[in-house]
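Just add 181 to wherever you are in the sequence shown, counting from 1, and you've got my numbering.
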Amino acid sequence: LFLKYSANLGANGKVNIAIVGGGATGVELSAELHNAVKQLHSYGYKGLTNEALNVTLVEAGERILPALPPRISGAAHNELTKLGVRVLTQTMVTSADEGGLHTKDGEYIEADLMVWAAGIKAPDFMKEIGGLETNRINQ
C-alpha cells in the first residue's frame, strides 16, 4: 500500500485512508499505520512521511472504544490526534464510492483506501462496489 500510493500521492499530496469503526480494530489500525511509516524509514524507505499520511477514523457512536471506560477512550482519542489521525465521532457512513465515503451529515471523506472495521456485518452498499467480493454477510 505505502509503496503504491507514495509513488502516486493523491490530489492533496497525501495518502488518504479512511477507517470505519472506532472499536479496538479501527483504533489500533489507525495508530499502527503511522508506526509502519516510521518502520519503513528505519529500513531506509523515505518515500512516505507521516505528514503525507492522512488517516481518518470514523465512529458512529459518541466515542471511540465504547466498550472501555470513558477515561481510557478519551486518552486513546488524544493519542490518535497527536499522531495526526482525524477522529470523527457521531458520524455515520451511508455509502462509499471509488474515491471515498459519504456520511449521513453530507460530508465526503476522500480515501485511496477504505477499511471497514465496524462490526461483523458490513453495510449492504459494500456488496455493490465494483470489483469487491463479499460473502453472505458482506465481509
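Cβ coordinates follow ideal geometry from the N, Cα and C atoms, glycine included.
- Measuring CB to CB, does residue 284 end up less than 8 Å from residue 274? Walking along the sequence shown from the start, residue 284 turns up at place 103. Walking along the sequence shown from the start, residue 274 turns up at place 93. Yes, Cβ-Cβ distance for residue 284 and residue 274 is below 8 Å.
- Between which two residues does the beta strand (DSSP E) carrying residue 282 extend? Here residue 282 is taken as the residue at index 101 of the sequence shown, counted from 1. Counting along the chain, the beta strand (DSSP E) containing residue 282 begins and ends at 281 to 284.
- Task: Mind checking which residues open and close the beta strand (DSSP E) that includes residue 234?
- Result: Within the sequence shown, the letter at position 53 stands for residue 234. Note, residue 234: beta strand (DSSP E), 234 to 239.
- Which two residues bound the contiguous beta strand (DSSP E) that contains residue 209? The residue given as residue 209 occupies position 28 in the sequence shown. Run containing residue 209: none in the beta strand (DSSP E); it sits in the alpha helix (DSSP H), 205 to 223.
- Item | Alpha-carbon to alpha-carbon, residue 251 and residue 291 | For the purposes of this step, residue 291 is identified with residue 110 of the sequence shown, where counting begins at 1. For the purposes of this step, residue 251 is identified with residue 70 of the sequence shown, where counting begins at 1. Each residue's Cα considered, the two are about 29 Å apart.
- Simplified DSSP assignment, three categories, for residue 264: Counting from one through the sequence shown, the residue named residue 264 turns up at place 83. Of the three classes helix, strand and coil, the one that applies to residue 264 here is helix, per DSSP.
- Query: Just reading off the beta strand (DSSP E) that residue 310 is part of, what are its end residues?
  - Reply: On the sequence shown, position 129 is the one that residue 310 refers to. Note, residue 310: premise wrong, no beta strand (DSSP E); not H, not E.
- Buried or exposed by the 16-neighbour rule on C-beta atoms within 10 Å, applied to residue 202: Taking the sequence shown and counting its residues from 1, one reaches residue 202 at position 21. Per the 10 Å Cβ criterion, buried.
- Distance CB(residue 298)-CB(residue 204) smaller than 8 Å: For the purposes of this step, residue 298 is identified with residue 117 of the sequence shown, where counting begins at 1. For the purposes of this step, residue 204 is identified with residue 23 of the sequence shown, where counting begins at 1. Yes, they are a contact pair.
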